[in-house]
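Presented below is the structure to which this report refers.
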């Protein structure tokens, strides 16, 4: 499954200097200090929230990230309809802040 090129470009424009990109989860992951901040899928955005901000992200409309039968606490999927206009920046900022809070890899 290919990632959404237009969404990836929008995310790329919001990433801090030094961020890198890695193909991951069938999409394109954006890394900060070697830690994943977010990843663009076919039509959604995976955001690393950390466990402390996970419930707030769900309350804001995100869905749990599920891999196989396991819910990945600390990561959420954000549907395309929640990424319009300036809303994307807020989700990317959440992921970047979480990645920046972790030790560099």
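Residue numbers (the working numbering): 5 to 109.
Note that CB positions come from ideal geometry on N, CA and C, so glycine has one too.
Just so we're clear, the structure is a prediction, and the values are computed from it rather than from any experiment.
Item to check | Candidates 35, 45, 15, 26: closest to residue 107 by CA position | outcome: 35
Item to check | residue 52 versus residue 22 - alpha carbon distance | outcome: 18 Å
Checklist entry - Who are the near neighbours of residue 77 in its chain, counting only those whose CB is closer than 7 Å to its CB and skipping five residues on each side? => result 55, 58
Next on the checklist: Once DSSP output is grouped into helix, strand and coil, what is the label at residue 91?
Outcome noted: helix
Item to check | Simplified DSSP state of residue 24, which is helix, strand or coil | outcome: strand
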